[in-house]
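Take a look at the structure set out below.
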Amino acid sequence: MNSVREKRFKKLKRKQIWPSILAFVLFITLCVAMIAVFLQLFALYIMGTKLVQQHGETQHVKAVLEGFLSNGDTITEAVDHMRKYKVTDRDVYVIDRSRHVVARTGDSEPDFGMILDFKLDQEFGLGESFMAVADNSNQILEKEGTYTIFAMSVDEVIQKTLTRDEDRREPGPWLSDTIIAQKYWLRTSLGGGQYEAYVKCVIEVQRQDIFYICIFGIIALLLLMIPIIVLFINTVRSVVTQRRMTQLIYLDPVTGGRNWFFFRNNAERILTRLRNSRKAFALVNLQLERYQNYCACYGVKAGEELLEAMDGFMKARVGKNELFARHEGADFGLLLVCEGENEQEYQENCRKRIRSLVAELTGLKPDQKIHFHAGINMIPPYIAEDGKWYHARKGVDINQLYTYANAAGMTADCLQDQTISFFDQEMLGRQVWERWVEDNMEEALNNEEFQVYMQPKYSPLNGKLVGAEALVRWISPTEGFIAPDRFIPIFEDTGFITQLDDYMISHVSKLQAEWMIQGKKMIPISINVSRAHFAQEGLAEHICELVDAYGPRHDLIELEVTESAFFDDKDILIETVKQLKAYGFHVSMDDFGAGYSSLNSLKDIPLDVLKLDGEFFRGEDDDGRGEIVVKEAIQLARNLDMRVVAEGIEKKEQVDFLAGQGCDMIQGFYFAKPMPIAEFEEKVEKDA
Ligand code: C2E
Ligand code: CA
Ligand code: CA
0 MNSVREKRFK
10 KLKRKQIWPS
20 ILAFVLFITL
30 CVAMIAVFLQ
40 LFALYIMGTK
50 LVQQHGETQH
60 VKAVLEGFLS
70 NGDTITEAVD
80 HMRKYKVTDR
90 DVYVIDRSRH
100 VVARTGDSEP
110 DFGMILDFKL
120 DQEFGLGESF
130 MAVADNSNQI
140 LEKEGTYTIF
150 AMSVDEVIQK
160 TLTRDEDRRE
170 PGPWLSDTII
180 AQKYWLRTSL
190 GGGQYEAYVK
200 CVIEVQRQDI
210 FYICIFGIIA
220 LLLLMIPIIV
230 LFINTVRSVV
240 TQRRMTQLIY
250 LDPVTGGRNW
260 FFFRNNAERI
270 LTRLRNSRKA
280 FALVNLQLER
290 YQNYCACYGV
300 KAGEELLEAM
310 DGFMKARVGK
320 NELFARHEGA
330 DFGLLLVCEG
340 ENEQEYQENC
350 RKRIRSLVAE
360 LTGLKPDQKI
370 HFHAGINMIP
380 PYIAEDGKWY
390 HARKGVDINQ
400 LYTYANAAGM
410 TADCLQDQTI
420 SFFDQEMLGR
430 QVWERWVEDN
440 MEEALNNEEF
450 QVYMQPKYSP
460 LNGKLVGAEA
470 LVRWISPTEG
480 FIAPDRFIPI
490 FEDTGFITQL
500 DDYMISHVSK
510 LQAEWMIQGK
520 KMIPISINVS
530 RAHFAQEGLA
540 EHICELVDAY
550 GPRHDLIELE
560 VTESAFFDDK
570 DILIETVKQL
580 KAYGFHVSMD
590 DFGAGYSSLN
600 SLKDIPLDVL
610 KLDGEFFRGE
620 DDDGRGEIVV
630 KEAIQLARNL
640 DMRVVAEGIE
650 KKEQVDFLAG
660 QGCDMIQGFY
670 FAKPMPIAEF
680 EEKVEKDA
């Protein structure tokens, strides 16, 4: 999974839920605040209109009293007249500049200790003189407090506020019942500021006022509910969509279970979270072998069903902090927890678990044979390096670790009962080396870094140098001398071996041609041709062209074919050998006896030389059975009119024995090791 996709996924995850939820919460808060503010403003408005009304009354009283005063009445007379003519039923309370009471009606009076600041004069245009003072009989608010009043029943409040008889009104419609009546004295000035008159007024809150406020609140709430519901549905939907999308992103299209992206993300999270745990983890690559073959035989659908069944099966087998998912094709990744105290115990427990898992999986299809192999990369709790201990699990790259498990899996071989293989550093070294070889081989060929070495072949009869085998050596400017065993198998795997074979054929042909021109002693040289080459058609013509480019005699060139090539396409092989012989080249069977010897191929293919593998001469031969086999092999070759070369000869006794059996040539360290050309030229001059 590339990092761009990962970043996008994370962005998507972040983007989807939080803004919606945040918007929703913000909106709700805003709505609640708005309703509260509106309700307060509305209540204030109702109170304001009531005050304005009372203020009007006060102004009326003021006008009447000013009228009496201008007629020459004293303030006491003016108040008396006002009461007598029943101008108003309001009580008045008048004080002079020195704050002495000059006239009053009623039995309560302003409580100057409680000046009420309504802060409404500006809003309602009541002028600067607007000031209210609490009534001294008016104790309910102080006694009970506003909140208690709201908690009281309406009747209780009425009982407490409307104490006097004159305060009781005729019972009207239920809605206009007064539930709170607060008495205040509103101030106004009289006689050009000579007196301060306080007019008693009652601010009443009726049921309908509360009713209107409630209605207003409900309507506002209802109106706001619509966007709230819409937003809520939207938020829920986006959360659900987001969850579904995450599930889709984590869904494996074949198994219907989790996919690799899920595995990778979660495995890295688990390992980081449990980095200090004493338990080890195992990253397992479990592969169903020959899946393509299964699909070809039973159909792709059946193949996918099998993978689905495997997925379902493994789901039930993994525990807490463990994971599994299909990686690709028919390979599954597993992250397993391994109990134990040391590396060996971790491995053993893991092996047991995988073994039983594989055994159960194999039983998934009782009438079909299915095989599995597993590669395991252990992730131990701590790794020591340079004497230091450090956590191995923080910031791990699962794909990288899985590649190692996979590499281990590739070395597992279910046919040889080695279904489980553990990854180790040596394996990593091999992988690194293979990469280096693949990266550098082409350039090395172009730069002529491959050198031809010669290993002479001697006649056991007269001890003369009668032939040689060309063997390649890679002299790398960075790696130095590289033996063929380290790169030939890689070349064979990659197919590059054919280019190397061509290179060797050309170089040997060139040498032969030069030696001929220089008038040197001519001896036949054998060149290895890999089995991969023999699969190609027209190989004989191709070799002929390579040799003829330099023009040496064809009988000086011998081509060694390994015994294993005889198991490939036999017809092509026979055809190629025949053609090579027709061109005048010699052909030998290399490594005879190293693998499964094919005596049958000796019958079919007209070979010139049989090379007995060095293995015949290794180890002890106390009972002489080895000698009998060699003796009979030589006899067989001679009867088929072939010459015999014995390879890997290191001891004098072996030479003597082979001489006695009529072996034609001996190649081995006893006579000479492979050597550079210059050295070989000297050797030919001396020994040939
Ligand atoms: P081979 O063709 O069987 O080559 C003989 C190998 O046996 C050589 O190893 C040689 O050094 C070694 N040998 C010879 N005498 C003795 C002995 O007395 N004792 C022991 N222990 N070993 C002996 P080398 O050169 O390392 O080559 C290894 C293999 O690499 C060759 O096996 C051949 O299969 C392959 N190879 C080498 N050069 C080429 C080449 O140019 N082309 C191809 N296709 N393969 C090559
Ligand atoms: Ca050889
Ligand atoms: Ca050989």
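With numbering that gives the first Met the number 0 as the guide, the letters of the sequence shown map in order to residues 0 to 687. The beta-carbon is built from N, C-alpha and C at its ideal position, and this holds for glycine as well.
query: Under 6 Å, CB to any heavy atom of ligand 2. Which residues pass, going along the chain?; result: 468, 527, 559, 589
query: Taking its Cβ as the centre, do 16 or more other Cβ atoms sit within 10 Å of residue 296, making it buried, or is it exposed?; result: exposed
query: If distances are taken between C-alpha atoms only, which option among 329, 268, 486 comes closest to residue 291?; result: 329
query: Would the C-beta of residue 646 count as close to ligand 3, meaning under 6 Å from any of its heavy atoms?; result: yes
query: I'd like the span of the alpha helix (DSSP H) that includes residue 282, first residue to last.; result: Premise fails: residue 282 lies in the beta strand (DSSP E), 279-287, not in any alpha helix (DSSP H).
query: Given that a residue counts as buried once 16 or more other Cβ atoms are within 10 Å of its Cβ, and exposed if not, what is residue 99?; result: exposed
query: Using CA atoms only, rank isn't needed, just tell me which of 652, 639, 657 is closest to residue 645.; result: 657
query: State yes or no: is the C-beta of residue 594 nearer than 6 Å to some heavy atom of ligand 1?; result: no
query: Quick one: measure Cβ to Cβ for residue 404 and residue 375, integer angstroms, because I've assumed they're closer than 8 Å.; result: 6 Å
query: Identify, in the order they occur along the chain, each residue of the same chain with its Cβ nearer than 7 Å to the Cβ of residue 673, setting aside the five sequence neighbours on each side.; result: 452, 453, 454, 470
query: Less than 8 Å between the CB atoms is what I'm expecting for residue 649 and residue 668, so what's the real figure, rounded?; result: 5 Å
query: I want to check one thing, is the minimum distance from the CB of residue 500 to the heavy atoms of ligand 1 below 6 Å?; result: yes
query: Can you list, in chain order, the stretches of the alpha helix (DSSP H) that have 4 or more residues and sit fully within the segment 426-493?; result: 487-493
query: Residue 349 bridges to which residues according to DSSP?; result: Paired residue(s): none; residue 349 is not in a bridge.
query: To the nearest angstrom, report how far apart residue 319 and residue 438 are at their CA atoms.; result: 43 Å
query: Please state whether the Cβ-Cβ distance between residue 686 and residue 499 is less than 7 Å.; result: no
query: Quick one: using the 10 Å Cβ neighbour count with 16 as the cut-off for buried, is residue 210 buried or exposed?; result: exposed
query: Quick check on the burial criterion: 16 or more other C-beta atoms within 10 angstroms. Buried or exposed for residue 456?; result: buried
query: Suppose you measure from the CA of residue 517 to the CA of residue 427; what does that come to, to the nearest Å?; result: 49 Å
query: Tell me where the alpha helix (DSSP H) around residue 316 begins and ends.; result: It is not in any alpha helix (DSSP H) - residue 316 carries neither H nor E in the DSSP assignment.
query: For residue 172, which of helix, strand or coil comes out of DSSP?; result: coil
query: Let me check one thing: in DSSP terms, what residues is residue 183 bridge-paired to?; result: 133, 200
query: Between which two residues does the alpha helix (DSSP H) containing residue 561 stretch?; result: That residue, residue 561, is in no alpha helix (DSSP H); its beta strand (DSSP E) goes 556-561.
query: What are the boundary residues of the alpha helix (DSSP H) that includes residue 264?; result: 259-272
query: Nearest to residue 530 by alpha carbon, out of 549, 508, 558, 611?; result: 558
query: Looking only at its chain, what residues have a beta carbon closer than 7 Å to the beta carbon of residue 302, apart from the 5 residues adjacent to it on each side?; result: 290, 293, 294
query: With distances taken between CB atoms, is the gap from residue 592 to residue 615 smaller than 7 Å?; result: yes
query: What residues in its chain sit with their C-beta under 8 Å from that of residue 72, if we drop five residues either side in the sequence?; result: 80
query: Taking the alpha helix (DSSP H) that residue 92 belongs to, which residues open and close that run?; result: From DSSP, residue 92 is part of no alpha helix (DSSP H) but of the beta strand (DSSP E) over 91-95.
query: Among all the DSSP beta bridges, which residues are the ones paired with residue 103?; result: 92
query: Whose CA, out of 281, 183, 230, lies closest to the CA of residue 420?; result: 281
query: Please name the residue in 399, 604, 92 whose C-alpha comes closest to that of residue 576.; result: 604
query: In three-state DSSP terms, what is residue 355?; result: helix
query: Less than 7 Å separating the beta-carbons of residue 643 and residue 606?; result: no
query: Label residue 44 either buried or exposed according to how many other C-beta atoms from any shown protein chain fall within 10 Å of its C-beta, with 16 as the threshold for buried.; result: exposed
query: Taking 7 Å as the limit between beta carbons, can you name the residues of its chain near residue 144, skipping five residues before and five after?; result: Note that residue 144 scores 49 on pLDDT, short of 50, meaning its location in the model is unreliable; the coordinates nonetheless yield the value given after this. Correct list: empty, nothing qualifies.
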